[in-house]
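Undergrad: According to UniProt numbering, the sequence shown is numbered sequentially starting from 1. Provided herewith is a single structure, encoded as structure tokens, for subsequent inquiry.
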Amino acid sequence: MIIRPLPFDHPDARKLNDMVQEEYAERYGDEGDLTPLDPLMFRPPRGLYLIAYDAKDRPVATGGWRTQDENDKGYADGDAELKRMYVIPEARGRGLARRILAALEDDARAAGRTRMVLETGDAQPEAIALYTSSGYQPCAKFGYYRTYDSSRCFAKPLKRP
Numbered sequence: 001m002i003i004r005p006l007p008f009d010h011p012d013a014r015k016l017n018d019m020v021q022e023e024y025a026e027r028y029g030d031e032g033d034l035t036p037l038d039p040l041m042f043r044p045p046r047g048l049y050l051i052a053y054d055a056k057d058r059p060v061a062t063g064g065w066r067t068q069d070e071n072d073k074g075y076a077d078g079d080a081e082l083k084r085m086y087v088i089p090e091a092r093g094r095g096l097a098r099r100i101l102a103a104l105e106d107d108a109r110a111a112g113r114t115r116m117v118l119e120t121g122d123a124q125p126e127a128i129a130l131y132t133s134s135g136y137q138p139c140a141k142f143g144y145y146r147t148y149d150s151s152r153c154f155a156k157p158l159k160r161p
């Protein structure tokens, strides 16, 4: 697998985003994640968006982070928010999400961010298992879905090596 940094509005990113939105809609019985996102949010050094490609150069996984600082949606200064972590069904179980997660954490740390945060939902037990096994702990709710009962928020300090 090759992991490439690409713009959030790259055609492969849009394709994978459409796929993850379909999965969210199926799992939650709604229209998907309505969190407002702009491609500029994922531009270094204030963010990063990654896409993993298989041996046939097909996009199979994605993830990104964007800068957050203290605001009225529950974020804290120094936060890096994880967004759009997704692996297509036929590529799951190969450690791709874990590799992308580690790369995003490293990049956010290098950019001076002090904590990685993420919001997922109770209908995504695989995501929760990935994050908790990677050192994430439940935290106070934040973001677009902070008032939803199904929302689950997690955080991990980005300690310098």
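Don't be surprised by glycine CBs; every beta carbon is placed ideally from N, CA and C.
1. In this structure, how does DSSP classify Lys15 when only helix, strand and coil are distinguished?
2. Let me check understanding here. Comparing Cα to Cα, which of Gln68, Glu26, Ile88 and Leu118 lies closest to Pro59?
3. Return the residue from the list Tyr53, Met41 and Gly143 that minimises the CA-CA distance to Asn71.
4. Taking just the CA atoms, how far does Ile128 sit from Tyr75?
5. Can you tell which of Gly93, Ala97 and Cys153 has the C-alpha that lies nearest to the C-alpha of Arg115?
6. In the DSSP assignment, find the unbroken alpha helix (DSSP H) run with Arg46 in it and report its ends.
7. Between the alpha carbons of Arg46 and Arg14, how many angstroms are there, rounded?
8. Sort out for me which residues DSSP pairs Met116 with in a bridge.
9. Looking at Ile100 and Ile3, is the spacing between their C-beta atoms short of 8 Å?
10. When burial is assigned at 16 or more other CB atoms within 10 Å of the CB, is Lys73 buried or exposed?
TA: Concretely, from the data shown:
1. Position 15 of the sequence shown, counted from the start, is the residue given in the question as residue 15. Three-state result, Lys15: helix.
2. Your numbering for residue 59 matches position 59 in the sequence shown. Nearest option by C-alpha distance: Ile88.
3. Within the sequence shown, residue 71 is the residue found at index 71, counting from 1. Ranking the options by Cα distance to Asn71, first place goes to Gly143.
4. In the sequence shown, residue 75 corresponds to position 75, counting from 1. In the sequence shown, residue 128 corresponds to position 128, counting from 1. Each residue's alpha carbon lies about 20 Å from the other.
5. Here the question's residue 115 lines up with position 115 in the sequence shown. Residue Cys153 is the option with its Cα nearest to Arg115.
6. Position 46 of the sequence shown holds residue 46. Neither: Arg46 is in no alpha helix (DSSP H) and is coded neither H nor E.
7. Locating residue 46 in the sequence shown gives position 46, counting from the first residue. Locating residue 14 in the sequence shown gives position 14, counting from the first residue. Looking at the two C-alpha atoms, the distance is approximately 20 Å.
8. Counted from its first residue, the sequence shown places residue 116 at position 116. Looking at the DSSP assignment, Met116 forms a beta bridge with Ala80 and Lys156.
9. Locating residue 3 in the sequence shown gives position 3, where the first residue counts as 1. Locating residue 100 in the sequence shown gives position 100, where the first residue counts as 1. Contact: yes.
10. In the sequence shown, counting from the first residue as 1, residue 73 sits at position 73. With fewer than 16 Cβ atoms within 10 Å of its Cβ, Lys73 is classed as exposed.
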